[in-house]
Each structure stands twice: as structure tokens, then as C-alpha cells.
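*Asks:* Quick one: the structure is below, questions incoming.
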Ligand SMILES: [Zn+2]
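Residue numbers (the working numbering): 17 to 193.
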């Protein structure tokens with residue numbers, strides 16, 4: 017069992033484009049296992065490798081039917097439009113109504129190196145697009161409209177100030193207090 021901390025908003029690793037995995041070997045399988053455990057512990061329905069600091073094109077997800085690993089995913093087709101309230105483990109506690117394409121055709125590889133091809137829509141299609149964004153260094157904040165983004169940045173600033181304040185409160189405590 018290993019669970020890693022999930023990187024959050026402001027960490028530059030989330031804004032970096034990840035690179036393709038050349039060999040799907042035991043190390044990739046171990047990474048996927050850690051990602052699945054970290055995703056369930058959060059808890060979340062999807063996790064991209066760079067959310068735990070690994071700059072590789074790999075994500076895991078569970079739409080309610082068990083964990084799935086996708087290596088080197090590519091969205092080859094998207095169609096329609098669907099609005100859904102979307103959150104992100106890297107921007108904890110916040111969510112927004114976001115409109116994106118609905119029907120998605122995703123291809124990639126499983127841990128045995130077999131090609132995966134999934135045509136889906138709604139919830140699963142949304143997970144794919146969200147995780148693909150992560151692998152391209154794009155955070156949910158960048159998918160918001162102008163008003164939502166303004167409000168989000170204000171909220172995030174306030175949250176960060178609170179965290180800093182709580183930390184310094186903690187430091188000011190006398191031993192035994
Ligand atoms: Zn996310």
C-alpha cells in the first residue's frame with residue numbers, strides 16, 4: 017500500500033505537459049497501483065499521474081465499476097455539449113458547472129500493452145476530458161468562464177490566507193497549550 021499526497025493548485029507540476037510512456041513495464045504498473053490507492057483514499061473518481069508529481073501520460077479512474085488504468089490516452093473524437101458540476105482533487109472543496117463536449121472516443125493502452133478504445137458520454141466522458149486536461153497541464157480553473165474564474169481565484173486566495181493564518185496560529189501555541 018502506498019498513498020502519495022495529491023498536488024494542489026499553485027504547484028507548477030500541474031501546469032506542465034506530461035510525456036508519453038515508452039515502455040509499459042513493472043514500474044508503470046506499480047505507479048498505477050499507487051495512483052489507484054491514492055485516488056480511493058482521497059476519495060476521487062479519477063487521478064492523473066502529474067497530480068502525484070509524475071510527469072507521465074497515465075491516468076486512472078473508476079466510474080463505479082472498478083479501477084481502470086489508461087496509458088498514453090488520446091481523445092480522437094468529441095461531440096455534442098454537456099454541462100455538469102465538476103470538481104478536482106487538486107482544487108479541493110470547490111466545484112463548478114462546466115460545459116464541455118459530451119460524447120468522447122478515447123484510445124490508449126492498458127498495463128498489458130493492449131490497445132483500449134472507449135466510446136462513451138456524460139460522466140465517463142467528463143472524467144476522460146478532465147484527466148486529459150491534467151496530462152496537458154491544464155487545470156479546471158482554466159475551463160471556467162470569466163466570471164467563474166474571477167470568483168474562483170478570489171476564493172482560492174482566501175483559502176490560502178486561511179491556511180497560512182492557521183499555520184502561524186499553530187506555531188504561536190505554547191507547549192502544553
Ligand atoms: Zn482534477
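Backbone N, C-alpha and C define an ideal beta-carbon position, used for all residues, glycine too.
Checking 8 Å against the spacing of the C-beta atoms, do residue 140 and residue 79 come in under that value?
*Replies:* Here residue 140 corresponds to residue number 124 of the chain shown, with the count starting at 1. Here residue 79 corresponds to residue number 63 of the chain shown, with the count starting at 1. With contacts defined by Cβ atoms closer than 8 Å, residue 140 and residue 79 form a contacting pair.
*Asks:* Could you tell me how far apart the beta carbons of residue 160 and residue 112 are, in whole angstroms, since I believe they sit closer than 8 Å?
*Replies:* Looking up residue 160 in the chain shown gives position 144. Looking up residue 112 in the chain shown gives position 96. The pair is a contact, with the Cβ atoms about 6 Å apart (cut-off 8 Å).
*Asks:* Keeping to the same chain, check which residues put their C-beta closer than 7 Å to that of residue 97; ignore five residues upstream and five downstream.
*Replies:* As a working note, residue 97 is residue 81 in the chain shown. Counting only Cβ-Cβ distances below 7 Å, and skipping sequence neighbours, we find 115, 117 and 118.
*Asks:* Mind reading off the beta-carbon distance from residue 24 to residue 72? Whole number of angstroms is fine, and I expect it under 8 Å.
*Replies:* Along the chain shown, read from residue 1 onward, the residue named residue 24 stands at position 8. Along the chain shown, read from residue 1 onward, the residue named residue 72 stands at position 56. The Cβ separation is near 19 Å, so there is no contact.
*Asks:* Terminal residues of the continuous alpha helix (DSSP H) containing residue 42?
*Replies:* If you number the chain shown from 1, residue 42 lands on position 26. Where residue 42 is concerned, the enclosing alpha helix (DSSP H) stretches over 42-57.
*Asks:* Under 8 Å between the Cβ atoms of residue 135 and residue 121?
*Replies:* Position 119 of the chain shown, counted from the start, is the residue given in the question as residue 135. Position 105 of the chain shown, counted from the start, is the residue given in the question as residue 121. Yes, the Cβ-Cβ distance between residue 135 and residue 121 is below 8 Å.
*Asks:* Over the uninterrupted beta strand (DSSP E) stretch that includes residue 116, give me the two end residues.
*Replies:* Start at 1 with the first residue of the chain shown, and residue 116 comes out as number 100. It spans 111-116 - the beta strand (DSSP E) in which residue 116 sits, taken as one unbroken run.
*Asks:* Check the DSSP bridge columns for residue 94 and list the partner residues they point to.
*Replies:* Counting from 1 along the chain shown, the entry for residue 94 is found at position 78. DSSP, once it has assigned bridges, lists 120 as partnering residue 94.
*Asks:* Go through its chain and collect everything with a Cβ distance to residue 88's Cβ below 8 Å, but skip five positions before and after it.
*Replies:* One-based indexing of the chain shown puts residue 88 at position 72. Only 36, 37, 73, 74, 124 and 125 meet the Cβ criterion.
*Asks:* In chain order, what residues of the same chain have a beta carbon less than 6 Å from the beta carbon of residue 45, not counting five sequence neighbours either side?
*Replies:* For the purposes of this step, residue 45 is taken as the residue at position 29 of the chain shown. Result list for residue 45: 127, in chain order.
*Asks:* Taking the CB atoms as reference points, tell me whether residue 54 and residue 110 lie closer together than 8 Å.
*Replies:* Residue numbering aside, residue 54 sits at position 38 when the chain shown is read from its first letter. Residue numbering aside, residue 110 sits at position 94 when the chain shown is read from its first letter. No, these two residues do not count as a Cβ contact at 8 Å.
*Asks:* For residue 61, which of 153, 147 and 175 has the nearest alpha-carbon?
*Replies:* Your numbering for residue 61 matches position 45 in the chain shown. Comparing C-alpha distances from residue 61 to each of 153, 147 and 175 shows the shortest one belongs to 147.
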